[in-house]
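Just so you know, the sequences run in chain order A and B. Just so we're aligned, residue 1 is where the first sequence starts under our numbering, counting upward by one. Just so we're aligned, residue 436 is where the second sequence starts under our numbering, counting upward by one. A virtual CB, placed ideally from N, CA and C, is assigned to each residue, including glycine.
Protein chains: 2
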Amino acid sequence: MRAYEIIHAKRDGRAIPPAELAALVEGFTRGEVPDYQMAAFCMAVFFRGMDGAEVRALTDAMLRSGDVLDLSDVPGPKIDKHSTGGVGDKVSLALAPLAAACGVKVPMISGRGLGHTGGTLDKLEAIPGFRVDLPVERFRALVRDVGACLVGQTARLAPADRKLYALRDVTATVESIPLIAASIMSKKLAEGIDGLVLDVKVGSGAFMKSLDDARALAGTLAGIGRAMGKRVTALLTRMDEPLGEAVGNALEVVEAVELLRGGGPADLRAVTVELTAEALLLGGVAADLPAGRAAVERAIADGRGLAKLEEIVAAQGGDPAAIRDPERLPRAAGTYPVLAPASGHVVAIDTEALGLAAVALGAGRARVEDPVDPAVGLLVRKKLGDRVEAGEPLCVVHHGPRSEPRAAVAARVVRAYRLEAAPPPARPLVLERIA
Amino acid sequence: MRAYEIIHAKRDGRAIPPAELAALVEGFTRGEVPDYQMAAFCMAVFFRGMDGAEVRALTDAMLRSGDVLDLSDVPGPKIDKHSTGGVGDKVSLALAPLAAACGVKVPMISGRGLGHTGGTLDKLEAIPGFRVDLPVERFRALVRDVGACLVGQTARLAPADRKLYALRDVTATVESIPLIAASIMSKKLAEGIDGLVLDVKVGSGAFMKSLDDARALAGTLAGIGRAMGKRVTALLTRMDEPLGEAVGNALEVVEAVELLRGGGPADLRAVTVELTAEALLLGGVAADLPAGRAAVERAIADGRGLAKLEEIVAAQGGDPAAIRDPERLPRAAGTYPVLAPASGHVVAIDTEALGLAAVALGAGRARVEDPVDPAVGLLVRKKLGDRVEAGEPLCVVHHGPRSEPRAAVAARVVRAYRLEAAPPPARPLVLERIA
Chain A
1 MRAYEIIHAK RDGRAIPPAE LAALVEGFTR GEVPDYQMAA FCMAVFFRGM DGAEVRALTD
61 AMLRSGDVLD LSDVPGPKID KHSTGGVGDK VSLALAPLAA ACGVKVPMIS GRGLGHTGGT
121 LDKLEAIPGF RVDLPVERFR ALVRDVGACL VGQTARLAPA DRKLYALRDV TATVESIPLI
181 AASIMSKKLA EGIDGLVLDV KVGSGAFMKS LDDARALAGT LAGIGRAMGK RVTALLTRMD
241 EPLGEAVGNA LEVVEAVELL RGGGPADLRA VTVELTAEAL LLGGVAADLP AGRAAVERAI
301 ADGRGLAKLE EIVAAQGGDP AAIRDPERLP RAAGTYPVLA PASGHVVAID TEALGLAAVA
361 LGAGRARVED PVDPAVGLLV RKKLGDRVEA GEPLCVVHHG PRSEPRAAVA ARVVRAYRLE
421 AAPPPARPLV LERIA
Chain B
436 MRAYEIIHAK RDGRAIPPAE LAALVEGFTR GEVPDYQMAA FCMAVFFRGM DGAEVRALTD
496 AMLRSGDVLD LSDVPGPKID KHSTGGVGDK VSLALAPLAA ACGVKVPMIS GRGLGHTGGT
556 LDKLEAIPGF RVDLPVERFR ALVRDVGACL VGQTARLAPA DRKLYALRDV TATVESIPLI
616 AASIMSKKLA EGIDGLVLDV KVGSGAFMKS LDDARALAGT LAGIGRAMGK RVTALLTRMD
676 EPLGEAVGNA LEVVEAVELL RGGGPADLRA VTVELTAEAL LLGGVAADLP AGRAAVERAI
736 ADGRGLAKLE EIVAAQGGDP AAIRDPERLP RAAGTYPVLA PASGHVVAID TEALGLAAVA
796 LGAGRARVED PVDPAVGLLV RKKLGDRVEA GEPLCVVHHG PRSEPRAAVA ARVVRAYRLE
856 AAPPPARPLV LERIA
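Given below as structure tokens:
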């Protein structure tokens, strides 16, 4: 089957045989299938979807386009956590050291922020000296000896995914569940893990705005992982407001450290403890979820999580003193509050808009080649359900030399909030668990 | 709006404002909008369609991407006929001289065969010496002085369409009614015509297999033309069997000449007379359709149509003697019959398959750069409703040095015929008229 025939068949709603999908991905990676044919194929997939066998074949072909790590010589369970992306999601910065402190090995390959969402690599790089581009052998050694290592995708890991993602990004074909699932899992399965905890975000700050879409994505992701012999648990968690208060790279590092010191916002702490407990359960170091949660709480209370983060930072070239002393992290040129124009309860937050306000400050990137300013961002002072009096700060803005002007940023923040007289009903943070 | 946002909006089913579509087409023509974005856009259009304003804007942008002929200094009504493509469709070869003989000017810009369909340019080039690549000033002079001129698309006529069609052809986005309609009309509206007769083919040998699709295409084409101030009539005609008997370039020239001599197959003659009468009506040289049909029949009976074809051929560098003497046309190396394997009535013909059999003989092209053999093709001896005895010829094959072997061609022909005991119900040739 030629590329043309594969596009034609998918366009007409037919399933593509696994061998044909593999040939398409291989041809695309080698440059034999041109971008325009792959773009048409992705748009056809957007409309027609893929069945389970197709998604597995696509994932497998992208996985096999590059190196697959073998960590079988690293003792202990190797468990990673992946979030589908949100605003203020600094869970990985705390989960990796906490899980490692509890006896799970965490080989974590993370991404950068794009669009309204942040990325773990950008957050880590706010720590002076921190290196995310380690050679594979160093990655392996740190997973073994430190218990966790957080790096970026290398050129040799799932190169087909990198090439395909860049194409999807400019052809409006990102928002396709099978393509998202294959992209995520091709990278995660290349890490040499035994199990994976998925944090599938749902709501105004997530790529999946509806519970149905999030459930479909979680099911597809879990199905791929299990078909490849991995243990997978997925939590669907609320992303209808930023997680915690901090949005912006250095600000989020500070908040993750506060969590590891036993403080930090309650929602961030609850989601982090739950996801870490799932990692302990998958790794077999906790007998059940309550035991897992208790183990995580102990690692916070006795400071082992914080010590492990310092160890990780030092091992990856960063300044561990910056963990104890936030003054050593990049600091914004100045701050200003954005005040509530009226009184009421916060009943909704356009979280994507808040994420884009952070991008406009310089915390994220509109294009993949844009630099980020590690110091800037928002502290979200009012969250869902909070009572606000007119003139109280909704957010505190940390701005920098490349930030959008104050009036524009303030307008973004004010527009993102919906205030009403009555408080909204409370909703749980973890909406569903798929295990 | 950037290209990305236009793709995204169309993907989500929103209408694109005319100015944005114009900018997209202009950017694509200049090479600023890359092929991969245009391919994704075309696939989104395949699924989401376009409304009337969008199709008109797309057509207008493609039209304005190149030169637009101004024939206002040519006296008389300028009317063209366009067929959406079929097998054995040699109507233009007879219609152009007949209409010109009746006082209508026919500025006809035609295409080449691609896929299973033939193209008027390939048929004309079977006449020794015939040139289809005349300069614009020569085209204008022949329309004025001879009354008809049949040429190919120049590089300066709707270049956006040529570039877009080439992309659609390799990305499985040809079969989209708004894209087909804009492609056809952008070229036809560049010809400087006053009116257009559309022959929208329906059935197994047409691009539109269903009456509903054909009706939608005809309505879209007519709507564009009328919005641009042109008179348009569309006939939906049956293409569930080849038109006439001849399929193949020189063979079709011979059959068109037979028609102009007062002979030829009844179906070909009926469709040709009807379409030509519509052209006379649009051009105002016939008061009504019966008068138009009578005028065409007279031009056949008194030989003015045949004389006009000779005049056209001579004016375009061809050998007019080849019109009177088919021996001067390219002749196949040999012929063989394909015999019916059983007896029965012909109840269905896979006309696309017969067209592809002609391509396999060398009469058409699988790729746009392939050469055609003018001499080869099929004479279709058994048509819908005909009684066939086992061992009678279904077709007579004219083969050449590059033809597929006899057994393979015979198998294609036999598979294309469905024979049953009872004859099928008769159906009219002209299914609908949209005026």
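For residue i, which of the options has the nearest alpha-carbon?
i: residue 555 of chain B; options: B:582, B:527, B:539 and B:536; result: B:527
i: residue 559 of chain B; options: B:781, B:845 and B:744; result: B:744
i: residue 821 of chain B; options: B:784, B:714 and B:864; result: B:784
i: residue 41 of chain A; options: A:7, A:424 and A:261; result: A:7
i: residue 394 of chain A; options: A:246, A:174, A:96 and A:79; result: A:246
i: residue 110 of chain A; options: A:96, A:173, A:256 and A:116; result: A:96
i: residue 658 of chain B; options: B:767, B:756 and B:621; result: B:621
i: residue 173 of chain A; options: A:44, A:369 and A:161; result: A:44
i: residue 407 of chain A; options: A:15, A:357, A:11 and A:432; result: A:357
i: residue 770 of chain B; options: B:456, B:729, B:806 and B:840; result: B:840
i: residue 145 of chain A; options: A:114, A:176 and A:103; result: A:103
i: residue 502 of chain B; options: B:757, B:817, B:714 and B:623; result: B:623
i: residue 731 of chain B; options: B:786, B:714 and B:746; result: B:714
i: residue 521 of chain B; options: B:493, B:550, B:570 and B:496; result: B:550
Residue j and residue i - do their beta-carbons sit closer together than 8 Å?
i: residue 711 of chain B; j: residue 534 of chain B; result: yes
i: residue 616 of chain B; j: residue 592 of chain B; result: no
i: residue 782 of chain B; j: residue 849 of chain B; result: no
i: residue 83 of chain A; j: residue 201 of chain A; result: yes
i: residue 345 of chain A; j: residue 376 of chain A; result: no
i: residue 448 of chain B; j: residue 491 of chain B; result: no
i: residue 29 of chain A; j: residue 160 of chain A; result: yes
i: residue 638 of chain B; j: residue 666 of chain B; result: no
i: residue 525 of chain B; j: residue 691 of chain B; result: yes
Measure how close the beta-carbons of residue i and residue j come, nearest whole angstrom, since I'm counting them as under 8 Å.
i: residue 170 of chain A; j: residue 588 of chain B; result: With 8 Å as the limit, residue 170 of chain A and residue 588 of chain B do not qualify as a contact, their Cβ atoms being about 31 Å apart.
i: residue 838 of chain B; j: residue 797 of chain B; result: 5 Å
i: residue 819 of chain B; j: residue 675 of chain B; result: 7 Å
i: residue 790 of chain B; j: residue 640 of chain B; result: 6 Å
i: residue 143 of chain A; j: residue 71 of chain A; result: 6 Å
i: residue 94 of chain A; j: residue 305 of chain A; result: 7 Å
i: residue 380 of chain A; j: residue 343 of chain A; result: Contact flag wrong, Cβ pair sits at about 18 Å.
i: residue 684 of chain B; j: residue 583 of chain B; result: About 19 Å separates the two Cβ atoms, so there is no contact after all.
i: residue 854 of chain B; j: residue 775 of chain B; result: 7 Å
i: residue 400 of chain A; j: residue 373 of chain A; result: 5 Å
i: residue 215 of chain A; j: residue 54 of chain A; result: Wrong, their Cβ atoms sit about 19 Å apart, outside the cutoff.
Taking 8 Å as the threshold (beta carbon to beta carbon), is residue i in contact with chain A?
i: residue 565 of chain B; result: no
i: residue 442 of chain B; result: yes
i: residue 642 of chain B; result: no
i: residue 605 of chain B; result: yes
i: residue 819 of chain B; result: no
i: residue 647 of chain B; result: no
i: residue 801 of chain B; result: no
i: residue 482 of chain B; result: yes
i: residue 872 of chain B; result: No statement about residue 872 of chain B is possible, as the shown extent of chain B runs from 436 to 870 and does not include it.
Look up residue i in the DSSP assignment and say whether it is helix, strand or coil.
i: residue 643 of chain B; result: strand
i: residue 420 of chain A; result: strand
i: residue 177 of chain A; result: helix
i: residue 343 of chain A; result: coil
i: residue 543 of chain B; result: strand
i: residue 515 of chain B; result: strand
i: residue 551 of chain B; result: coil
i: residue 323 of chain A; result: helix
i: residue 655 of chain B; result: helix
i: residue 193 of chain A; result: coil
i: residue 202 of chain A; result: strand
i: residue 455 of chain B; result: helix
Could you tell me whether any Cβ in chain B is nearer than 8 Å to the Cβ of residue i?
i: residue 231 of chain A; result: no
i: residue 44 of chain A; result: yes
i: residue 173 of chain A; result: yes
i: residue 35 of chain A; result: yes
i: residue 28 of chain A; result: no
i: residue 11 of chain A; result: yes
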